[in-house]
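Asker:
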Amino acid sequence: MTRYVQPVSTPEDPYTGDRLLRSWLSRQLGADGHDAAQGPLTDLAADVTGPLRAAHADAEAHPPTLVRYDPWGARVDRVDTSAGWQAQRAAAARHAVVALPYLESARGTWGAATRVVQHALLHLYGPESATFSCPVAMADGAAALLSLPEVDADVRDAWLPRLTSTDPDTAIVSGQWMTESQGGSDLSRSTTTGRPAADGSWRLTGEKWFCSAADAPMAVALARPEGAGRGSRVLAPFLVPRYAADSPLAGASAAADSPAPGVTVHRLKDKLGTWALPTAEIGLRDAYALPLGDPAVAGLVRAMTLVVVTRVHNASAAAGGMRRGLAYARAYADARTVAGGRLADNPLHRATLGALAVDAAAAFALAGHAFALLGRVEVGADPDAAAELRVVAPLAKLATGRLAVSSASEYVECFGGAGYVEDTGVPRLLRDAQVLPIWEGTTNVLALDVLRAVTREDAGAPLLRRLSAAVDLARPLSPALADTLASVTGELTTALTDVTADPGAADVVAGARGLALRLAAALACALLVEHAAWGDEQAEVAARLWARRRLRHEDISGDAHQHLDLLC
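Numbering (the working numbering), first residue to last: 1 to 568.
Right, dumping it as structure tokens:
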């Protein structure tokens with residue numbers, strides 16, 4: 001008897017096989033702009049389907065290790081990572097996934113839409129980067145922070161070119177040392193302190209509990225400047241060199257790759273997912289640090305520059321992972337035979353994949369819009385974009401994070417028993433997705449941030465304007481869709497009015513999560529309508545089905561089954 005072996009199809013090229021991505025780029029960039037982006041995107045897609053896929057597998061199979069001492073007993077706190085992790089690091093630099101928005105050549109080509117091209121690069125790179133997309137996000141956030149005019153020019157000139165280099169031999173990424181065990185998201189309880197030194201540098205002392213990319217040559221840390229008082233607003237961001245090579249406190253005899261004086265790696269975290277990413281608990285004892293802005297001026301608002309960037313990266317990682325998981329599930333369904341026919345022809349399975357494709361389209365639209373707004377803020381100093389981004393960044397992050405987890409669970413199930421076996425690589429989709437609603441703020445934390453944006457900064461106004469405009473765009477496409485959007489826009493207008501009337505009311509706070517998710521669902525629908533009105537049939541179908549499923553809570557099985565080939 002011949003032993004049966006299940007054939008597994010390879011998904012389509014992640015760039016040429018993604019119709020929504022390509023049409024989105026054509027609308028956002030114009031024909032010439034998209035033509036200019038095709039070369040970099042094609043090159044990255046080729047890497048993703050070849051050497052980076054293998055590097056991804058290697059990094060997952062060989063997670064980082066912490067070497068605390070050398071053979072003679074000297075404390076070295078060295079984080080060893082795999083060849084696959086290093087290959088991902090080199091590729092991130094080579095393909096400019098961090099650098100692109102900071103390159104004058106890129107801004108000269110695409111202007112404010114340079115962030116749109118970056119989002120496309122991340123959409124291709126992130127899902128099989130072994131979560132190197134996390135250090136990429138933190139490096140981008142650190143670069144944005146260093147780009148602020150209030151940062152000392154000497155500090156900027158020393159570090160920003162390294163973060164934005166496209167040469168793998170010189171490019172670096174950044175860690176992010178914000179949270180502490182007693183506070184977590186409650187930054188007001190941070191106990192890390194900073195005191196000034198005579199040369200203009202500072203010395204930080206404290207314990208940081210969740211430090212991702214612990215092998216990075218630098219980190220941005222929050223600390224309470226000496227004498228600054230209590231609360232979170234006074235916390236200031238500092239740049240902390242990780243290695244002796246960049247610390248003036250290290251003696252001449254210190255090895256360049258030995259830890260900077262005062263920086264101790266206590267242990268690496270044993271996490272549910274993101275196994276290849278070195279995440280550590282780190283202690284600081286009079287560690288050398290450089291202030292990013294004037295520490296005497298309340299610095300949390302400066303640190304939010306970094307946080308906004310990492311939040312939109314988080315949304316991109318969620319949307320990209322959903323799209324890649326869908327591609328793998330569809331390829332498997334094309335190859336799998338069940339009950340005498342292809343699984344991809346089974347109406348029930350087609351309906352399942354179609355619903356997942358609708359969610360993936362909505363997540364992509366949310367992430368893509370956040371990047372487009374960020375570009376308009378950075379390049380054009382667009383005040384309308386800044387106001388909208390204030391609420392879109394947390395909305396996109398919280399909604400896509402939750403969608404990514406629910407979708408990943410479905411993708412695992414699409415493979416049956418094989419989806420539960422580690423060496424297929426499928427379980428990683430679920431393990432890694434679970435970090436997305438947690439990092440950079442849980443759903444509840446972000447929902448409260450949305451309330452603050454709405455009540456303190458009137459950030460709901462641009463959102464409601466976008467929803468109202470989408471109603472008019474939807475009318476020629478589908479009267480039912482327009483009516484749904486109009487009804488939800490009215491509902492949300494009333495809800496936001498109630499919020500601003502008494503933002504501290506118990507029922508307002510208790511309902512923050514539901515309101516934020518409803519706002520995000522309506523926004524996703526509006527964005528899909530905008531793209532559909534431009535002429536994209538896939539977006540039109542996705543908008544109609546998303547509105548029925550997520551805004552009206554209807555069953556879309558029949559239409560999802562019928563439209564699968566268009567949606568996916």
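Built from N, CA and C at the ideal position, the CB exists for glycine as well.
Predicted, not measured: the structure shown is a model, and the values here were computed from it.
Straight-line CA distance for residue 291 to residue 233?
Answerer: One C-alpha to the other measures close to 16 Å.
Asker: Go ahead and pull the three-state DSSP assignment for residue 210.
Answerer: Correct three-state label for residue 210: strand.
Asker: Whole angstroms are fine: how far does the CA of residue 254 sit from the CA of residue 405?
Answerer: When rounded, the distance between both Cα atoms is 45 Å.
Asker: Taking the continuous alpha helix (DSSP H) assigned at residue 575, which residues delimit it?
Answerer: Because the chain in this structure spans residues 1 to 568, residue 575 falls outside the shown range and cannot be described.
Asker: Name the DSSP beta bridge partners of residue 80, please?
Answerer: According to DSSP, which records beta bridges pairwise, residue 80 is partnered with 65.
Asker: Check the C-beta distance from residue 216 over to residue 173 and give it rounded, since I have them as a contact under 8 Å.
Answerer: That belief holds up - the Cβ atoms of residue 216 and residue 173 are roughly 5 Å apart, short of 8 Å.
Asker: Which residues does DSSP list as the beta-bridge partners of residue 281?
Answerer: According to DSSP, residue 281 bridges with 267.
Asker: Taking 8 Å as the cut-off, decide whether the C-beta atoms of residue 484 and residue 552 are in contact.
Answerer: Yes, they are a contact pair.
Asker: Along the alpha helix (DSSP H) that carries residue 304, what are the first and last residues, could you check?
Answerer: Taken as a continuous stretch (DSSP letters only), the alpha helix (DSSP H) holding residue 304 covers 300 to 335.
Asker: Is DSSP giving residue 287 helix, strand or coil here?
Answerer: Three-state DSSP puts residue 287 in a strand.
Asker: Judging by CA-CA distance, which residue of 494, 465 and 562 is the nearest neighbour of residue 526?
Answerer: Per the Cα distances, 465.
Asker: In terms of residues, what are the limits of the beta strand (DSSP E) holding residue 177?
Answerer: Counting along the chain, the beta strand (DSSP E) containing residue 177 begins and ends at 174 to 177.
Asker: Should residue 206 go down as buried or exposed, given a rule of 16 or more other Cβ atoms within 10 Å for buried?
Answerer: Looking at its Cβ environment, which holds 16 or more other Cβ atoms inside 10 Å, residue 206 is buried.
Asker: When the Cα atoms are used, what is the spatial distance from residue 80 to residue 261?
Answerer: Answer to the nearest angstrom: the Cα atoms are 19 Å apart.
Asker: At what residues does the alpha helix (DSSP H) containing residue 573 begin and finish?
Answerer: Because residue 573 is not part of the residues shown, which for the chain are 1 to 568, the question remains open.
Asker: Look up residue 132 in the DSSP assignment and say whether it is helix, strand or coil.
Answerer: Looking at residue 132 - three-state DSSP - the assignment turns out to be coil, as it is neither helix nor strand.
Asker: First and last residue of the alpha helix (DSSP H) that includes residue 161?
Answerer: Residue 161 -> alpha helix (DSSP H) spans 153 to 163.
Asker: For residue 337, is the classification buried or exposed, using 16 other Cβ atoms within 10 angstroms of its Cβ as the cut-off for buried?
Answerer: It is exposed - the Cβ of residue 337 has fewer than 16 other Cβ atoms within 10 Å.
Asker: List the endpoints of the continuous alpha helix (DSSP H) containing residue 368.
Answerer: Start and end: 347 to 380.
Asker: Look up residue 243 in the DSSP assignment and say whether it is helix, strand or coil.
Answerer: Strand, per DSSP.
Asker: Do you know how far the Cα of residue 396 is from the Cα of residue 26?
Answerer: Looking at the two C-alpha atoms, the distance is approximately 22 Å.
Asker: Taking 7 Å as the limit between beta carbons, can you name the residues of its chain near residue 532, skipping five residues before and five after?
Answerer: Closer than 7 Å at the Cβ level, and outside the excluded window around residue 532, lie 477, 539, 540 and 543.
Asker: Among 45, 40, 534 and 334, which residue has its Cα nearest to the Cα of residue 15?
Answerer: The candidate whose alpha carbon is nearest that of residue 15 is 45.
Asker: Report all residues from its chain with a CB closer than 6 Å to the CB of residue 369; omit the five preceding and five following residues, and keep chain order.
Answerer: Excluding sequence neighbours, residue 369 sits near 527.
Asker: Taking DSSP as the reference, what is the three-state secondary structure of residue 394?
Answerer: Reduced to three states, the DSSP call for residue 394 is helix.
Asker: Is there contact here, the region 51 to 62 with the region 135 to 144, by at least three beta-carbon pairs under 8 Å?
Answerer: With the cut-off at 8 Å, the region 51 to 62 and the region 135 to 144 do not touch.
Asker: Note down the Cα distance separating residue 113 from residue 382, rounded to an integer number of angstroms.
Answerer: Distance between the alpha carbons of residue 113 and residue 382 is about 13 Å.
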